[in-house]
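Peer 1: One structure is given below, represented as structure tokens, and several questions about it will come after.
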Amino acid sequence: MIKKVKVEQLGPGMFIHDFNCGWIKHPFLSNSIKIADEKTIEKIIDYGIREVYIDTDKGNDVAGAPTEEEVSREIQAQLNKVVEPEINDRDVVPVQEEIARAKEIKKEALQTVRDLMEDVRFGKQIKMEKVNHITEKMVDSILRNKGALTSLSRIKQADEYTFMHSISVGVLMIAFGRSLGFDYKLIKALGAGGLLHDIGKIKVPAGILAKTTQLSEDEFVSAKEHVKHSRVILEHTRDVNETSVLMAIHHHERMDGSGYPGKLKGDEISKFGQMSAIADVYDAMTSKRCYQRKFEPTEVLKKLFEWSRFYSNELVQQFIRCVGIYPVGSLVRLESGLLGVVLNLGEKSLLHPVVRIVYNTKKEKYISPYDIDLAQNNEDSVASSELPDKWNITPGAYL
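The numbering of the sequence shown is the working numbering, which starts it at 15 and goes up by one.
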């Protein structure tokens, strides 16, 4: 059985199933280890880890500790409360009308980010007119329909992750800004900041960024230097908005002071840095990496809730209401056993999206697609989120 325990409850003979530390690097070669002695526990504490999951079938138990299922149910209940109120952030056009334009914008954005990285690699100045041009297109698309571009940005090829991650963070920040009611100029700065937030990675040795195993201490130090590289690059870039700079230098800071490079706490971190920290980790965890499996969006939103000491609780709640507990383009299983692709977040509640039914799990077969508005259908509801790869379904093909 998997249980969640505080590090103070750990003892020799326990088996750690998951360090539950998200972005934090821990000093062990595996994410699952048997605790040999007190020194092992001291190491865990030294790295700022406060709670872990243990496997009681492989090691000693902690009486009374909540099970993984109990923790998940509690967090799900909290998520449901967050998304209960009616959403006033409405799209202007349906996703089907925006998707073709969004595909062209994604293609142009990918080439723009590639060009930016190459310019920096060869010591050239970043051309902000290029950044602003594509950012305006991204903003206009998301103001028309939030789901089209955000769903497409989750689709990444392994060899283009660094570029697409920058685009995805930009897209998420634009959507975030829209949901918070920011004006056009600020939303545009947030989008540009997303495109540029990891620009300093071009100065990190490629072998480190592409490594498929755990980084050594020296390699991890080198990787973290990308934030300082970004700061230098952007401070020497003409016409870059200060908001974009703050996103780049603060997106790895954490509310409890455990982040980097400045170990800033709470309001020492700019609001835009706090927002980009959420968008950055959300996109990273919902993407397949050579060293990490892809998590489905709802699972990541639960983790953001669970890691409340790292992120602004108020902004996490707003982000959840922004992307939706079941984001557009995600795959969900209904109580009836049907699988559907989310088309939009629903008019009345984020718990009742409009879905396009594509597969019957009970009959184990694909079916002719048809749409269900779960807000109007009292006979069915979402049972869970699903990973498309598990069912060999390509959600984008149904949008």
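Using N, Cα and C, we set each Cβ at its ideal position, and we do this for glycine too. Here the structure is a predicted model, which means the values were calculated and not measured.
1) Which of the three DSSP states is assigned to Phe29 in this structure?
2) Could you tell me the boundaries of the beta strand (DSSP E) in which Gly354 lies?
3) To which residues of the same chain is Ile55 closer than 6 Å at the C-beta, ignoring the five residues directly before and after it?
4) Classify Arg268: buried if its beta carbon has 16 or more other beta carbons within 10 angstroms, exposed otherwise.
5) Which residues share a DSSP beta bridge with Asn374?
6) Take the Cβ of Tyr380 as the centre, count every other Cβ of all protein chains shown within 10 Å, and call the residue buried at 16 or more, exposed below.
7) With Lys202 as the anchor, note down where its alpha helix (DSSP H) starts and where it stops.
8) Does the beta carbon of Val330 fall short of 7 Å from some heavy atom of the ligand ZN?
9) Taking the alpha carbon of Gly214 as the point to measure from, which residue in Glu249, Leu229 and Ile89 has its own alpha carbon closest?
10) Per DSSP, Thr227 forms a beta bridge with which residues?
11) With DSSP as the reference, label Leu467 as helix, strand or coil.
12) Taking 8 Å as the limit between beta carbons, can you name the residues of its chain near Leu124, skipping five residues before and five after?
13) Note the first and the last residue of the continuous beta strand (DSSP E) segment covering Asp69.
14) Hey, could you find the ends of the beta strand (DSSP E) Val396 is sitting in?
15) Helix, strand or coil, according to DSSP, for Asp253 in the structure here?
16) Just verifying my parser: in three-state terms, what is the DSSP assignment at Tyr384?
17) When the Cβ atoms of the region 202–211 are set against those of the region 343–353, are three or more pairs found closer than 8 Å?
18) Would you mind reading off the limits of the alpha helix (DSSP H) that contains Ile169?
19) Any contact between the region 115–129 and the region 354–361? By contact I mean 3 or more CB pairs, one from each, below 8 Å.
20) In angstroms with no decimal places, state the Cα-to-Cα distance between Ala162 and Ala203.
21) Please list, in chain order, all residues of the same chain as His31 whose beta carbon is under 7 Å from its beta carbon, the five residues on each side excluded.
22) Roughly how many angstroms lie between the CA atoms of Lys20 and Ile119, to the nearest whole one?
23) Within its chain, find whatever has a CB closer than 8 Å to the CB of Trp185; leave out the 5 residues flanking it on each side and keep chain order.
24) Could you have a look at Ile16 and say whether DSSP puts it in helix, strand or coil?
Peer 2: Straight from the coordinates:
1) Taking the first residue of the sequence shown as position 1, residue 29 is located at position 15. Phe29: strand per DSSP, three-state reduction.
2) Counted from its first residue, the sequence shown places residue 354 at position 340. Leu352 to Asn358 is the span of the beta strand (DSSP E), which, as asked, contains Gly354.
3) Taking the first residue of the sequence shown as 1, we reach residue 55 at position 41. Excluding sequence neighbours, Ile55 sits near Leu24.
4) On the sequence shown, residue 268 is found 254 positions in, with the first residue counted as 1. The residue is buried, with at least 16 neighbouring Cβ atoms inside 10 Å.
5) Walking along the sequence shown from the start, residue 374 turns up at place 360. Per DSSP, Leu352 and Lys379.
6) Stepping through the sequence shown from its first residue, residue 380 is reached at position 366. So Tyr380 counts as exposed.
7) Taking the first residue of the sequence shown as 1, we reach residue 202 at position 188. Taken as a continuous stretch (DSSP letters only), the alpha helix (DSSP H) holding Lys202 covers Tyr198 to Leu210.
8) Among the ligands in the structure shown, none appear at all, so the ligand ZN cannot be discussed.
9) The residue given as residue 214 occupies position 200 in the sequence shown. Minimum Cα distance to Gly214 is reached at Glu249.
10) Translated into the one-based positions of the sequence shown, residue 227 becomes position 213. Looking at the DSSP assignment, Thr227 forms no beta bridge with any residue, so it has no partner.
11) This structure leaves residue 467 out entirely; the chain is present only between 15 and 413.
12) Mapped onto the sequence shown, residue 124 falls at position 110. Answer for Leu124: Glu174, Phe177, Met178 and Ile181, listed in chain order.
13) Residue 69 sits at position 55 when you count from the first residue of the sequence shown. It spans Glu65 to Asp69 - the beta strand (DSSP E) in which Asp69 sits, taken as one unbroken run.
14) To locate residue 396, count along the sequence shown from 1; it is residue 382. That run of the beta strand (DSSP E) goes Val396 to Glu400.
15) Here residue 253 refers to the residue found at position 239 of the sequence shown. Note: Asp253 maps to coil in three-state DSSP.
16) Translated into the one-based positions of the sequence shown, residue 384 becomes position 370. Here Tyr384 sits in strand by DSSP.
17) no
18) Position 155 of the sequence shown, counted from the start, is the residue given in the question as residue 169. Ile169 -> no alpha helix (DSSP H), and no H or E assigned at all.
19) no
20) Counting from 1 along the sequence shown, the entry for residue 162 is found at position 148. Counting from 1 along the sequence shown, the entry for residue 203 is found at position 189. Approximately 20 Å between the Cα atoms of the pair.
21) Here residue 31 refers to the residue found at position 17 of the sequence shown. Ile16, Ser46, Tyr67, Ile68 and Asp69.
22) Reading the sequence shown from its first residue, position 6 is the one you call residue 20. Reading the sequence shown from its first residue, position 105 is the one you call residue 119. Taking the straight line joining both Cα atoms gives about 46 Å.
23) Locating residue 185 in the sequence shown gives position 171, where the first residue counts as 1. According to the sequence displayed, residue 185 carries Val and not Trp. Counting only Cβ-Cβ distances below 8 Å, and skipping sequence neighbours, we find Met152, Ile156, Leu163, Thr164, Ser167, Gly205 and Gly208.
24) The residue labelled residue 16 in the question sits at position 2 within the sequence shown. Ile16: strand per DSSP, three-state reduction.
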